[in-house]
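S.K.: According to numbering that gives the first Met the number 0, numbering within the sequence shown proceeds without interruption in unit steps and concludes at 186. Yeah, the Cβ is synthetic: ideal placement off N, Cα and C, and Gly gets one too. Remember, predicted model here, so these are calculated numbers, not experimental data. Pasting a structure here, questions to come.
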Amino acid sequence: MPALFLALLTAALAMLGGKPARSTARLAAALGAGAGLLVACWLGAIVTSALAAWAGAWLAPQMTPAAKAMFVAAALALAALELLFTRDRAAPAEPTRSLGAICVVLLAGQLTDAARFFVLALAVATGTPAFAAVGGALGSGAVLTAAWALASDWEARLPLRALRLAVGGLFGIAAIVVGLSARGLIG
């Protein structure tokens with residue numbers, strides 16, 4: 000169960016200022032907050048979390064406990080780098096109206112985002128990939144649902160850059176602490 004809660008929290012935090020949430024909000028603003036877009040968001044969150052957890056389940060037996068801790072530190076560091084160095088792109092002038100294309104774009108955006116790094120790392124570290132997948136999907140889906148519901152207000156009302164930098168900084172600090180702990184340099 001700890002994997003579920005950790006994945007839920009870290010995925011939600013990582014998604015707050017991430018590209019998939021911004022893309023979802025922009026698509027909802029441009030196309031309207033239709034049910035198809037919401038289904039595409041949840042489908043992407045579920046599929047990508049399941050793939051990340053499956054990869055974690057495959058990697059876990061091949062790693063020592065110290066390697067698993069270093070893997071978690073690396074995932075935290077990658078997530079921090081993604082959040083700290085993400086550039087804001089302009090909204091597309093003419094978004095596609097194809098639900099299939101929207102699904103592909105949202106799926107591709109979520110496949111390598113910070114939230115999936117956490118699902119992968121938690122599946123490796125805890126040995127409970129199903130819980131990590133469920134937590135990652137729920138955390139990601141909840142934030143994407145909020146972005147879908149707020150549409151244009153997502154970027155207007157939320158301090159996304161400040162959130163992204165704060166969460167990225169926290170993940171960076173956590174990466175250093177976990178990495179030093181895994182190497183036996185601290186507590």
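Between which residues of its own chain and G17 is the CB-CB distance below 6 Å, once the five residues before and five after are set aside?
M.R.: Closer than 6 Å at the Cβ level, and outside the excluded window around G17, lie D112.
S.K.: Could you spell out where the alpha helix (DSSP H) holding L50 opens and where it closes?
M.R.: Its alpha helix (DSSP H) spans residues A34 to L58.
S.K.: DSSP three-state label for S97, please.
M.R.: S97: coil per DSSP, three-state reduction.
S.K.: Starting from the Cα of L121, find the closest Cα among L42, L12 and A68 and give me that residue.
M.R.: The residue with the shortest Cα to Cα distance from L121 is A68.
S.K.: Please indicate yes or no: does the CB of T47 lie closer than 7 Å to some heavy atom of the ligand MG?
M.R.: This structure does not include the ligand MG; it has no bound ligands of any sort.
S.K.: Using only the alpha-carbon positions, how far apart do A74 and F117 sit?
M.R.: If I take the Cα positions, the gap works out to 6 Å.
S.K.: From what residue to what residue does the alpha helix (DSSP H) around L149 run?
M.R.: Segment P128 to L149, the alpha helix (DSSP H) holding L149.
S.K.: Would L106 and T47 be called neighbours here (beta carbons separated by less than 8 Å)?
M.R.: Yes; because the gap between Cβ atoms is below 8 Å, this pair is in contact.
S.K.: Could you pull out every residue in the same chain whose Cβ sits closer than 7 Å to the Cβ of P1, ignoring the five residues on either side in sequence?
M.R.: Cβ neighbours of P1 beyond the five flanking positions: T125.
S.K.: So, helix, strand or coil for D152, using DSSP?
M.R.: Correct three-state label for D152: helix.
S.K.: Please classify L157: does DSSP put it in a helix, a strand, or coil?
M.R.: L157 falls in the coil class under three-state DSSP.
S.K.: Measuring only the C-alpha atoms, how far is W147 from A11?
M.R.: Cα-Cα distance, rounded: 14 Å.
S.K.: Does the segment 47-66 come close enough to the segment 123-137 that 3 or more CB-CB pairs lie under 8 Å?
M.R.: Touching, per the Cβ criterion.
S.K.: Using the C-alpha atoms, what's the distance from I101 back to A44?
M.R.: The straight-line gap from Cα to Cα measures roughly 13 Å.
S.K.: For W53, which residues in the same chain have their Cβ closer than 7 Å to its Cβ, ignoring the five residues on either side in sequence?
M.R.: Counting only Cβ-Cβ distances below 7 Å, and skipping sequence neighbours, we find P128.
S.K.: Give me the residue from A66, W41, A155 and T9 with the minimum Cα distance to G108.
M.R.: Measuring from the Cα of G108, the nearest candidate turns out to be W41.
S.K.: Taking only three categories from DSSP, how would you classify F187?
M.R.: The structure shown does not extend to residue 187, since the chain is modelled only from 0 through 186, so no value can be given for it.
S.K.: Please list the terminal residues of the continuous alpha helix (DSSP H) segment that includes L26.
M.R.: Run containing L26: K18 to L30, per the alpha helix (DSSP H) assignment.
S.K.: Could you give the distance in angstroms between the alpha-carbon of G134 and the alpha-carbon of A6?
M.R.: The alpha-carbon atoms of G134 and A6 are separated by roughly 5 Å.
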